[in-house]
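Protein chains: 2
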Amino acid sequence: MDRVFHGLADATRRDIVEQVLSREQSVSTLARRYDMSFAAVQKHVAVLERARLVTKQRRGREQIVRGNPDVLRRAVHLLDAYERIWRDRARAIDDILAEDIDTERTAQ
Amino acid sequence: MDRVFHGLADATRRDIVEQVLSREQSVSTLARRYDMSFAAVQKHVAVLERARLVTKQRRGREQIVRGNPDVLRRAVHLLDAYERIWRDRARAIDDILAEDIDTERTAQ
DNA sequence: CTGACGTACAACCACGCGGTTGTACGTTAG
DNA sequence: CTAACGTACAACCGCGTGGTTGTACGTCAG
Chain A
67 MDRVFHGLAD ATRRDIVEQV LSREQSVSTL ARRYDMSFAA VQKHVAVLER
117 ARLVTKQRRG REQIVRGNPD VLRRAVHLLD AYERIWRDRA RAIDDILAED
167 IDTERTAQ
Chain B
67 MDRVFHGLAD ATRRDIVEQV LSREQSVSTL ARRYDMSFAA VQKHVAVLER
117 ARLVTKQRRG REQIVRGNPD VLRRAVHLLD AYERIWRDRA RAIDDILAED
167 IDTERTAQ
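Residue numbers (this note's numbering), protein chains in the order written: chain A, 67 to 174; chain B, 67 to 174.
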């Protein structure tokens with residue numbers, strides 16, 4: 067997960083993920099989109115590959131990059147779990163408040 | 067967003083987020099949970115604070131840390147958008163395949 | 001008042017990141 | 001065959017990160 071979030075923690079890399087999710091493309095095709103060297107883009111792709119956010123596959127002399135929605139989903143589920151913790155806590159607080167009001171009313 | 071994902075790209079920080087989402091606590095209370103110096107935990111909290119994943123509020127001599135579910139939700143939405151790109155593409159491919167089969171059938 | 005506690009911050013270190021340039025190698029086009 | 005293309009990789013640089021220790025300061029308890 068460290069690698070996944072680190073992969074997403076860069077605007078260029080998030081854009082690459084978006085690109086290859088909608089259409090698989092070679093590293094050099096991707097590189098042309100960004101105002102930086104080919105090697106830099108290559109490194110970004112490598113970071114995404116280590117995080118399994120993206121896979122590479124040779125096709126002739128080109129290396130085709132595709133997005134991997136599974137890892138993306140795992141990240142969403144983790145964050146959803148955090149949100150659930152929050153909601154559960156909020157519900158518990160509401161319950162206590164409701165109980166307090168009840169107690170108050172009974173005490174009167 | 068860079069800061070948000072960078073904030074989440076560390077196991078200790080993700081644990082801190084989880085902790086303070088379920089129960090707000092002081093920095094030193096948090097620090098006791100981890101096998102590192104107080105200053106290190108302080109820095110992790112600072113990273114989370116810069117990403118707005120967490121807020122701090124003074125209470126006497128303590129600094130109370132709370133989770134911020136809003137930023138978490140924005141991250142989830144972004145990743146959901148990526149997934150949607152994928153699903154849309156998959157649907158488009160399915161449509162084309164269906165059309166091909168149709169064409170094939172008609173041609174026979 | 002005094003001491004312990006919680007915090008803040010600076011200095012330092014090793015390491016990794018994001019970027020560059022340069023070089024080398026396999027593959028395809030002409 | 002040769003040239004151009006796509007890729008891989010190493011070396012380098014500046015900077016930020018994750019960790020440490022040390023010092024200082026406000027606040028609370030006894």
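Ideal Cβ placement from N, Cα and C applies to all residues, glycine included.
Inter-residue Cα distance where the pair is residue i and residue j
i: Q129 of chain B; j: V137 of chain A; result: 36 Å
i: R99 of chain B; j: L145 of chain A; result: 22 Å
i: A112 of chain A; j: R127 of chain B; result: 46 Å
i: R155 of chain B; j: R118 of chain A; result: 20 Å
i: R116 of chain B; j: R140 of chain B; result: 15 Å
i: S92 of chain A; j: A147 of chain A; result: 35 Å
i: A135 of chain A; j: A158 of chain A; result: Correcting the residue type first, residue 135 of chain A is Pro in the shown sequence and not Ala. Rounded to whole angstroms, P135 of chain A to A158 of chain A spans 34 Å at the Cα level.
i: H110 of chain A; j: S103 of chain B; result: 33 Å
i: Q108 of chain A; j: D160 of chain A; result: 51 Å
i: D68 of chain B; j: Q123 of chain A; result: 28 Å
Minimum Cβ-Cβ distance from residue i to chain B less than 8 Å
i: L145 of chain A; result: yes
i: S92 of chain A; result: no
i: V83 of chain A; result: yes
i: L87 of chain A; result: yes
i: H110 of chain A; result: no
i: R140 of chain A; result: no
i: F71 of chain A; result: yes
i: I151 of chain A; result: yes
i: A75 of chain A; result: yes
i: D161 of chain A; result: no
i: R157 of chain A; result: no
Supposed contact pair residue j and residue i - C-beta distance, whole angstroms, cut 8 Å
i: Q85 of chain A; j: L74 of chain A; result: Rounded, the Cβ-Cβ distance is 14 Å, inconsistent with contact.
i: I151 of chain A; j: L87 of chain B; result: 5 Å
Coarse secondary structure for residue i, derived from DSSP in three states
i: E90 of chain A; result: coil
i: R124 of chain B; result: strand
i: R118 of chain B; result: coil
i: R132 of chain B; result: strand
i: Y148 of chain A; result: helix
i: R139 of chain A; result: helix
i: V99 of chain A; result: For the sequence presented, residue 99 of chain A should be read as Arg rather than Val. Coil, per DSSP.
i: A156 of chain A; result: helix
i: D161 of chain B; result: helix
i: A77 of chain A; result: helix
i: I82 of chain B; result: helix
i: H110 of chain A; result: helix
Given residue i as reference, the closest of the options once Cα atoms are compared
i: I82 of chain A; options: A:V131, A:R150, A:A156, A:R124; result: A:V131
i: G133 of chain A; options: B:V93, B:S88, B:E149; result: B:E149
i: R79 of chain B; options: B:W152, B:I151, B:D161, B:A106; result: B:A106
i: R89 of chain A; options: A:A147, A:V142, A:V120; result: A:V120
i: A197 of chain B; options: B:I151, B:I159, B:D101; result: The shown model of chain B, from 67 to 174, leaves out residue 197 of chain B, and the question about it has no answer.
i: V70 of chain A; options: A:D160, A:S94, A:H143, A:Q108; result: A:H143
i: R94 of chain A; options: A:M67, A:D68, A:R125; result: Going by the sequence as given, residue 94 of chain A is Ser instead of Arg. The residue with the shortest Cα to Cα distance from S94 of chain A is A:R125.
is_contact[residue i, chain A] using C-beta, thresh 8 Å
i: Y100 of chain B; result: no
i: E115 of chain B; result: no
i: G126 of chain B; result: no
i: D136 of chain B; result: no
Heavy atom of the ligand NAD within 7 Å of residue i beta-carbon
i: Y148 of chain A; result: Ligands are entirely absent from the displayed structure, and the ligand NAD is therefore not among its contents.
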